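**Q** Just dropping this structure here.
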Amino acid sequence: MKSKYIKLIHIAKSQLNLDDDTYRHLLLNITKKTSTKDMTVWELEKILNNLKSKGFKVKSSKKMGKITATEPVHKKIRSLWLALADAGEVKNRSEKAINSYVKRITGVEVMDWLTQKQAMVVIESLKSWQARI
435 MKSKYIKLIH IAKSQLNLDD DTYRHLLLNI TKKTSTKDMT VWELEKILNN LKSKGFKVKS
495 SKKMGKITAT EPVHKKIRSL WLALADAGEV KNRSEKAINS YVKRITGVEV MDWLTQKQAM
555 VVIESLKSWQ ARI
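The numbering used here puts the first residue of the sequence shown at 435, with every later residue one more than the last.
Next comes the structure, spelled out in structure tokens:
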């Protein structure tokens, strides 16, 4: 938790174009400390709120959740699907059938287009299915 606040404070320092002297003076005025490493979470929150009042806006990373699933993840989905087929639970072993299942679970038409997060949802649903047989 503490490291998250420190990272945000350093991003704010950069975004607000604060030189080191101004930054240290701000820290000292608010917490009587010149380094974020020495601060408590409560003090870090005070610093962050002050920086927000000066115009800093926290932006969530657009990359999070958009990272596409990797080939090993695709192989895991295929392997679970084929294991279900071997157990007689799945009639069609084709890629088209896998994509139909993926679309039903996530709304994404092709397995290769899944984000990492979506792929994990598919994997967990296949594991649950396997556990029921």
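Quick reminder that beta carbons are idealized off the backbone N, C-alpha and C, glycines included. Keep in mind that this is a model prediction, so the values were computed, not measured.
Might you give, ordered along the chain, the residues of its own chain that have their beta carbon closer than 6 Å to the beta carbon of K447, omitting 5 neighbours on each side?
**A** Within the same chain, K447 has close Cβ partners Y457.
**Q** For T549, does the three-state DSSP call read helix, strand or coil?
**A** strand
**Q** Would you report the Cα separation of I443 and S513, rounded to the nearest angstrom?
**A** 44 Å
**Q** Applying the 10 Å Cβ sphere with the 16-neighbour rule, what's the burial state of M435?
**A** With fewer than 16 other Cβ atoms within 10 Å, it is exposed.
**Q** Helix, strand or coil for K502, going by three-state DSSP, please let me know.
**A** The residue you asked about is not Lys; residue 502 is Thr in the sequence shown. Of the three classes helix, strand and coil, the one that applies to T502 here is strand, per DSSP.
**Q** For I532, which residues from the same chain have a beta carbon less than 8 Å from its beta carbon, with the 5 sequence-adjacent residues on both sides left out?
**A** I511, R512, W515 and M545
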